[in-house]
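Everything in the sequence shown is counted per the working numbering, starting at 10 for the first residue and increasing by one.
We treat Cβ as the ideally placed atom computed from N, Cα and C, and that holds for glycine.
Since the structure comes first, as structure tokens, the remarks are kept for the end.
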Amino acid sequence: MMALGEYYADHDIYLADSLQEVILKNSRNFPDSIRFNALFFSARVARIQGDNEEYSRKILACQPFLNKLNSDEVRFKVYLHLGYYHSSVLETETGDFYLKMALKLANKNRSTTKLAEAHSFLALNFMHESAKDSALYYAGMAIQYARRTGNKALSAESFNIQAEIYDFFGQVELSVAKNLISLQLAEEVQNVFLMAKFSREIGQSQTTILNLDDAEYYFNRSLNYAERIRDYRQMALALTNLAQVQLNRKQYNLATNNTQKSIKYLTKLNDFNGLGETHNILGLILKEQKNYDFAVNNFNKALIYYESTSNKEKIAGVYHNVGTVFQKQKKYASALKWLNRSIEKREKFGSKNQIYNTYRVIAEVYKEINNKDEALKYMELYLDYLDSNTTIQAATKIAELSESYRSEQRERLITLQADSMERARQDQYVSQTKLENGELRNNLQRYIIIAFLIIVVLAGVIIFYRWNQTKIKQERKEAEMSQTLLRAQMNPHFVFNAMSVIQSYIYENDIENSTKFLVNFSRLMRLILENSPKEFIPIRTEVEILNKYLETQKLRFEDRFQFFIETEGELADEFAIIPPMITQPFIENSIEHGQLHTIEGGFIRIRFAKEKGMLNITIEDNGIGRDSSRQNKKSSAHKSMAMEITRERIDNLNSKYRTEGFMHVEDFDSQTKTGTRVLIALPYNVETTL
């Protein structure tokens, strides 16, 4: 289930989400290592779906496993994602501490994959601290390590981190260039999740420079990719981004419809950052429609969502948008208050390049209230930014990069088509040559086959004649050997479990129970070793073996089930005999796989009776039943082997004594499908006939 969940995380997010709760629930019955991996997988799904609250909760829940599991792999995963979580909420010092711990473990293990992941997350942490040089240094190191792994998906993610850093610091041209590399690598390995993510981020960069046609192209690609893997979060974000393009084109109805669709998806997923972004865009749409009250209402919703995730950079952006609404309403004091709050927030957190857009709006506000000095001051700050701003200057280069990428895609497609046509021509030529050669070989092969068949028929006649002479002797010998081998079957797990129980009694200084258990167990082993080589044993000996075996199992499971053995008096009077241990596999199945020790009032009943010249054996239990037991693969395999062995023994006895013995298995309670009843019919023999 874990492996299936990991596969779906890359190919069908909806199915991955539906599996993660089942995996978490079932993992409670497994060791700590499995429970940790299940919890970590669930955290990964929450992160993919943008549910940061659930992601952080589950990552924090992983911390206790640091003490439970002495594993560098576990420590690395927990430290890495604790660092990422604290970094994402701008607790950069705490994030740096955990990420440095993860990096130390990666260096210790000399794992290039871990080194790439640790350097990538450290790069993001330095970005949040506005330490550009350090962020780019660690991003570059991450790319180097990722390339050494040969994992193109990991390399794509490392380039994407570098693109995010360039975008954060306003170098949009470099951001697009790196993301185009990321997208190409993701396409080479057909990682649809990454293709959706990178396409959307390239579209966001195109929106920044108002290259709306290219932005729309990449957003639609992202939407199509996300739909392929049912990634509803990325579908919603792509719709939000398309709404932003439609807002710039003044297509307000289309933009509003897309934001409403996006909100429905994101609400189900608890993606608060996504909801904040969508309500922010919806607020801008309403502002352009002069519906200022509803615009402010949506901006307030965006602030609530961003504050719940401590996304201070986005909060600064919403402050700016609220200020523009008050400007439109000519509430200039309120406008300046919110715009200045945006600047204060951006100076402490987030990308400082966005401050200059706020300077421009403040200059407009001061101009409208005839404060020319302040208007000039802020306009000069904004113009200084325009002179040095690489985003605006890079617009043409970004358009060239996008066109170059599309041209390369077209060329790759043409090359693939040409290669495909050439391969088709070659295949056709090879097929034609094979056909001609085949016709030449057919005649020769036909003669060879005829000669071979004649030889085979002659050899078959000779072999059949000889085999027929020794058939009776071989059948009898094989039957006897098969009986001897099949009687030697005994589950070694019972022996190991018994030894464990004795050991636990010794550790607990329980002399009475350990002595009782050891006496029963030693007597049982003696009986098995003495009688298993025999073809038949007295039925009283079989009953004694079963008594000792069941008493030993009762001690092992602390008397949590009862057993009853019934033998008709006629069997003892006539000295009836039975193949040794023919019932033991089914009794073992009842206890181990029927889980009698978990059933209130659990019991096993064994009955031996003579009916119509046959020895009939009935084994009944009220365990969990075959359907429930069948869900356990090991249980099913073991029970299947036990039944196959018993059927072979019965077939051998039928062959030897010319009888019609059988074995039949059914539910003890046919209505509730619980419990098991096994019916066995064997040739009836007594000691005098040996």
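Boundaries around GLY684 are those of the beta strand (DSSP E), 683 to 692, since no alpha helix (DSSP H) includes it. Taking a 10 Å sphere around the C-beta of ALA460, we find fewer than 16 other C-beta atoms and assign the residue as exposed. For LYS525, the closest C-alpha among the options ARG549, LYS557, PRO547 is that of LYS557.
By a beta-carbon distance limit of 8 Å, MET11 contacts ALA47. Their separation comes to about 7 Å. Within the model, the alpha-carbon separation for ILE587 versus ASP81 is close to 57 Å. Pairing THR268 with LEU291 gives a Cβ-Cβ distance under 8 Å. Proximity to ILE626 across ASP222, THR122, ILE689 peaks at ILE689, based on C-alpha coordinates. In the DSSP assignment, MET244 falls within the alpha helix (DSSP H) that extends over 241 to 257. Ranked by how close their Cα comes to the Cα of ASP105, the residues HIS128, LEU536, VAL201, GLN260 have HIS128 in first place.
Of the other Cβ atoms in all chains shown, 16 or more fall within 10 Å of the Cβ of ASP280; this residue is therefore buried. In terms of CA proximity to GLU100, ASN134 leads the group SER638, ASN134, ALA111.
Burial state of GLY149 is exposed, judged by a 10 Å Cβ sphere holding fewer than 16 other Cβ atoms. With a contact defined as Cβ atoms closer than 8 Å, ALA585 and VAL695 qualify at about 6 Å. The C-alpha of ASP568 is placed about 18 Å away from the C-alpha of GLN512. Listed in chain order, the non-local C-beta contacts of VAL201 below 6 Å within the same chain comprise TYR234, ARG237, ILE238, local neighbours out to five positions each way being set aside. Under the three-state reduction of DSSP, PHE573 is assigned to strand. Counting only residues of its own chain and dropping the five nearest sequence neighbours on each side, LEU131 has a CB closer than 6 Å to the CB of LEU108, TYR147. Between the C-alpha atoms of ARG37 and TYR17 there is a straight-line separation of about 22 Å. Per DSSP, the unbroken alpha helix (DSSP H) holding ARG549 starts and ends at 548 to 565. Taking every protein chain shown into account, the CB of ILE520 has fewer than 16 other CB atoms within 10 angstroms, so this residue is exposed. Proximity to LYS310 across PHE39, VAL331, GLU197 peaks at VAL331, based on C-alpha coordinates. Here the C-alpha atom of ALA372 lies approximately 21 Å from the C-alpha atom of ILE324. LYS77 and ASP41 have their C-alpha atoms some 7 Å from each other.
Pairing PRO589 with SER541 gives a Cβ-Cβ distance under 8 Å.
A distance of 8 Å or more separates the beta carbons of TYR365 and SER351. DSSP places GLU353 inside the alpha helix (DSSP H), whose first and last residues are 341 to 357. One Cα belongs to GLU583, the other to GLU544, and the distance between them is close to 18 Å. Straight across, the Cα-Cα distance linking SER664 with PHE473 is about 21 Å.
Shown here, ALA127 sits in a helix according to DSSP, grouped into three states. Around the Cβ of GLN680, a 10 Å sphere holds fewer than 16 other Cβ atoms; the residue is exposed. Within the model, the alpha-carbon separation for HIS95 versus GLY632 is close to 50 Å. Buried is the label assigned to LEU194, since at least 16 other Cβ atoms lie within 10 Å of its Cβ. By the CB criterion at 8 Å, ALA151 and SER167 fall inside the cutoff. Nearest C-alpha to PHE572 among THR561, PHE303, GLY634: THR561. Beta bridge pairing from DSSP links ALA585 with VAL695. According to the DSSP assignment, ALA618 belongs to the beta strand (DSSP E) that extends over 612 to 620.
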